[in-house]
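Structure representation (structure tokens):
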């Protein structure tokens with residue numbers, strides 16, 4: 019039955035039940051769901067059915083209020099989509115960096131203010147929620163009250179270094195306009211090469227750190243590529259060696275490379291065929307993570323926030339809210355307008371004394387063990403430095419008398435390893 023040419027009306031039966039009258043045919047209500055009502059012809063011998071869908075009505079009404087969906091990056095953005103729900107400025111940057119190559123940056127003044135005033139910034143990207151006309155959704159997050167706050171959402175055409183630099187330059191300009199400075203002390207990202215190059219060139223005084231979680235995942239994927247998964251699961255020596263290697267980035271920068279070399283040497287000199295299979299893994303580690311990426315990028319010693327998982331969590335939330343891959347630009351914009359409202363609500367709650375979500379007991383226990391190990395290491399350094407100073411003070415009395423120096427060292431009963439530790443420190 020063609021609904022576009024049909025006339026419909028609703029009446030009540032003698033028993034007060036709803037009836038649908040369509041083109042002089044009467045239908046009784048048969049079944050109801052949250053959005054749809056199903057009707058059957060009142061004549062039991064007739065199999066004709068009809069239904070009404072609330073979503074169709076809402077979608078038709080919404081479609082009348084929604085601009086046409088663009089098929090290229092050259093389109094006008096209506097005023098309502100450039101503002102927050104509270105009618106404040108939201109679209110901060112709308113620029114063509116090349117012909118038909120456009121960048122959009124969405125952030126409220128409150129979000130920008132938090133971004134420019136905080137020292138720790140997380141950056142990450144996602145693709146599934148990106149509108150089809152763009153290449154990537156790039157998000158920037160600030161840490162305040164031990165909570166991650168979304169502080170900027172950018173739609174980028176690609177993942178080139180020049181594109182990221184353009185975004186950072188625009189943010190620096192917005193900071194100047196607000197009499198602030200965009201110069202975070204710590205920036206945490208994944209290991210995307212073009213993003214890293216842009217950050218290094220734009221934020222020369224910032225400490226750029228790669229995500230610890232991304233690092234361990236990359237190492238484990240390499241373990242799988244080399245066919246070591248079964249050995250990792252069944253052989254204790256292989257598993258412990260791999261896990262030691264993953265834990266290297268928790269060590270102080272000054273001893274990290276030496277510890278890696280010692281671990282590598284133990285594998286090279288081993289007589290175990292199982293450990294011998296790890297040599298390609300160590301070669302990958304040395305060639306890529308040590309020589310290509312650089313130790314400073316993935317060393318997280320003494321850093322409380324070691325991952326950008328908060329940004330990943332926001333992207334998961336965004337995916338659930340959009341509820342489809344590659345939505346059109348208007349659906350995406352309405353969704354992030356809602357996220358800006360949520361930002362304000364959470365900020366007000368935090369200012370009012372709400373605490374962030376409690377960490378799990380396992381997470382707290384792991385962090386406590388790491389803190390204890392760091393404390394022990396620092397105490398050991400102080401003790402060794404004190405002993406080293408006393409050691410030199412005693413040695414200076416025997417300058418020029420080689421035999422007496424050797425006898426003095428022997429009298430202290432120092433092992434060669436301990437002397438090496440003293441000299442190394």
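In the numbering used here, the protein residues as written are 19 to 443. Glycine residues also receive a C-beta, built at the ideal position from the N, C-alpha and C atoms.
For a test of the three-state rule: what should DSSP assign to residue i, helix, strand or coil?
i	result
residue 43	strand
residue 91	coil
residue 233	helix
residue 120	strand
residue 258	helix
residue 38	strand
residue 172	strand
residue 359	helix
residue 160	strand
residue 383	helix
residue 114	strand
residue 206	strand
residue 152	coil
residue 130	helix
Looking at the unbroken alpha helix (DSSP H) that takes in residue i, where does it start and where does it end?
i	result
residue 297	297 to 302
residue 333	327 to 340
residue 58	No alpha helix (DSSP H) holds residue 58; the beta strand (DSSP E) holding it covers 54 to 59.
residue 273	271 to 286
residue 217	211 to 220
residue 372	Taken as a continuous stretch (DSSP letters only), residue 372 belongs to no alpha helix (DSSP H), as it is neither H nor E.
residue 186	179 to 195
Can you find the residues in the same chain that come closer than 6 Å, C-beta to C-beta, to residue i, ignoring five residues on each side of it along the sequence?
i	result
residue 433	With a pLDDT of only 41 at residue 433, under 50, the local geometry of the prediction cannot be trusted, and the value read off the model is given with reservation. Hits under 6 Å: none found.
residue 249	256
residue 99	351
residue 189	200
Looking at residue i: is its Cβ nearer than 9 Å to the Cβ of residue j?
i	j	result
residue 182	residue 227	no
residue 267	residue 327	no
residue 186	residue 209	no
residue 205	residue 224	yes
residue 203	residue 255	no
residue 246	residue 296	yes
residue 157	residue 332	yes
residue 126	residue 107	yes
residue 304	residue 271	no
residue 263	residue 299	yes
residue 171	residue 357	yes
residue 153	residue 140	no
I'd like the list of long-range same chain contacts for residue i, defined as Cβ closer than 8 Å, with 5 residues on each side in sequence excluded.
i	result
residue 269	277, 317 and 319
residue 131	196 and 198
I need the boundaries of the beta strand (DSSP E) containing residue i, first residue and last residue.
i	result
residue 25	Note, residue 25: premise wrong, no beta strand (DSSP E); not H, not E.
residue 344	Per DSSP, residue 344 belongs to no beta strand (DSSP E) and is neither H nor E.
residue 142	138 to 144
residue 225	225 to 228
With a CB to CB cut of under 7 Å and the five nearest residues on each side skipped, what residues in its chain are close to residue i?
i	result
residue 359	103
residue 400	none
residue 59	43, 45 and 66
residue 29	37 and 39
So residue i and residue j are supposed to be a Cβ contact under 8 Å. How far apart are they, rounded?
i	j	result
residue 56	residue 38	With a Cβ gap of about 10 Å, residue 56 and residue 38 do not count as contacting.
Does any residue of chain C bring its CB to less than 9 Å from the CB of residue i?
i	result
residue 339	Looking for chain C here will not work: only one protein chain is present.
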